[in-house]
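Okay, structure first, notes after.
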Amino acid sequence: MTLTLAIVGRPNVGKSTLFNRLVGKRLALVDDQPGVTRDLREGAARLADLKFTVIDTAGLEEATDDSLQGRMRRLTERAVDMADVCLFMIDARVGVTPTDEIFAEILRKRSAHVLLAANKGEGAAADAGVLEAYNLGLGEPIRLSAEHGEGLNDLYTQLQPIA
Ligand code: GDP
Ligand code: MG
Numbered sequence: 004m005t006l007t008l009a010i011v012g013r014p015n016v017g018k019s020t021l022f023n024r025l026v027g028k029r030l031a032l033v034d035d036q037p038g039v040t041r042d043l044r045e046g047a048a049r050l051a052d053l054k055f056t057v058i059d060t061a062g063l064e065e066a067t068d069d070s071l072q073g074r075m076r077r078l079t080e081r082a083v084d085m086a087d088v089c090l091f092m093i094d095a096r097v098g099v100t101p102t103d104e105i106f107a108e109i110l111r112k113r114s115a116h117v118l119l120a121a122n123k124g125e126g127a128a129a130d131a132g133v134l135e136a137y138n139l140g141l142g143e144p145i146r147l148s149a150e151h152g153e154g155l156n157d158l159y160t161q162l163q164p165i166a
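So the number in my numbering is just where the residue sits in the sequence shown, counting from 1, plus 3.
So, in structure tokens, the structure goes:
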């Protein structure tokens, strides 16, 4: 059985960008897969010699009447329950927001393994946000740039012992 990694975090931090980078062309469309709804995208990921399943919580970006916080909680809890590991992502250029704090709280209560990613980590504009991420109490933040493909070696280092 392969490891399942769920990427969670508030909208616009770069979850789908990382998902696409990890999955490449091996995207499995969720519509074909029983038990996986449209709000969660699932794909076959590869990172160096690690092969695993990655879940992107995609439904948060859709505008509905439902509050973001309610959808966030439900989607995140579903993803956490499906996953062996959660990668919690923040935007290092913005730093830790109150919404991020809510996610961190859900994950601390619900998930066995949580990795913390400070994305958009390219350049000095991210330095303060990366440091702030330590305050979440979820371990050492992995400084990532999903868009530029930087920091994947550090993701590997944290994922490899679990996988
Ligand atoms: P999601 O809502 O969390 O899935 O975020 P997306 O993957 O859709 O990305 C939101 C925006 O952030 C897009 O415009 C991306 O191009 C941008 N983005 C994603 N990763 C990075 C990164 O590492 N650096 C920068 N500067 N922008 C990024
Ligand atoms: Mg997305």
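Glycine included, each C-beta is placed from N, C-alpha and C at the ideal position. In this text the structure is predicted, and so the values were computed from the model without any measurement.
| task | Just tell me which of ASN138, GLY98 and GLU104 has its CA closest to the CA of ASP130. | result | Taking the first residue of the sequence shown as 1, we reach residue 130 at position 127. Ranking the options by Cα distance to ASP130, first place goes to GLY98.
| field | Whole-angstrom C-beta distance between ASN122 and MET75, which should lie under 8 Å | value | Counting from 1 along the sequence shown, the entry for residue 75 is found at position 72. Counting from 1 along the sequence shown, the entry for residue 122 is found at position 119. Between the beta-carbon of MET75 and that of ASN122 there is about 17 Å, and that puts the pair past the 8 Å contact cut.
| message | Which same chain residues end up closer than 6 Å to GLU150 when comparing Cβ atoms and leaving out the 5 residues on each side of it in sequence? | response | Mapped onto the sequence shown, residue 150 falls at position 147. Only THR20 meet the Cβ criterion.
| said: Is the separation between the beta-carbon of ASP59 and that of ILE165 shorter than 9 Å? | reply: Numbered from its first residue, the sequence shown carries residue 59 at position 56. Numbered from its first residue, the sequence shown carries residue 165 at position 162. The Cβ-Cβ distance between ASP59 and ILE165 does not fall below 9 Å.
| request: Would you mind sorting ALA9 into buried or exposed? The rule is 16 or more other CB atoms within 10 Å of its CB. | output: Counting from one through the sequence shown, the residue named residue 9 turns up at place 6. With 16 or more Cβ atoms within 10 Å of its Cβ, ALA9 is classed as buried.
| query | Going by alpha carbons, who is nearest to THR160 out of ARG13, ALA51, GLY46 and LYS18? | reply | Position 157 of the sequence shown, counting from 1, holds the residue named residue 160. Closest by alpha carbon: ALA51.
| request: Return the bridge partner residues of GLU153 from the DSSP annotation. | output: Stepping through the sequence shown from its first residue, residue 153 is reached at position 150. Under DSSP, the beta-bridge partners assigned to GLU153 are SER148.
| request: Taking only the alpha-carbon atoms, compute the straight-line gap between ALA95 and GLY152 and give it to the nearest angstrom. | output: Reading the sequence shown from its first residue, position 92 is the one you call residue 95. Reading the sequence shown from its first residue, position 149 is the one you call residue 152. Straight-line Cα distance between these residues: approximately 15 Å.
| query | Under the DSSP definition of a beta bridge, which residues are partnered with ASN122? | reply | Position 119 of the sequence shown holds residue 122. Answer is ASP94, bridged to ASN122.
| query | So LEU43 packs on VAL83, CB below 8 Å; how close in whole Å? | reply | By 1-based counting over the sequence shown, the position of residue 43 is 40. By 1-based counting over the sequence shown, the position of residue 83 is 80. Between the beta-carbon of LEU43 and that of VAL83 there is about 11 Å, and that puts the pair past the 8 Å contact cut.
| message | Quick check: what's the CA-CA separation for ASN138 versus GLU80? | response | Here the question's residue 138 lines up with position 135 in the sequence shown. Here the question's residue 80 lines up with position 77 in the sequence shown. Their Cα atoms are separated by approximately 22 Å.
| Check whether PHE55 and ALA61 have beta carbons under 9 Å apart | Position 52 of the sequence shown, counted from the first residue, corresponds to residue 55. Position 58 of the sequence shown, counted from the first residue, corresponds to residue 61. No, these two residues do not count as a Cβ contact at 9 Å.
| Is ASP87 helix, strand or coil when you go by DSSP? | By 1-based counting over the sequence shown, the position of residue 87 is 84. Here ASP87 carries a coil assignment [DSSP, helix/strand/coil].
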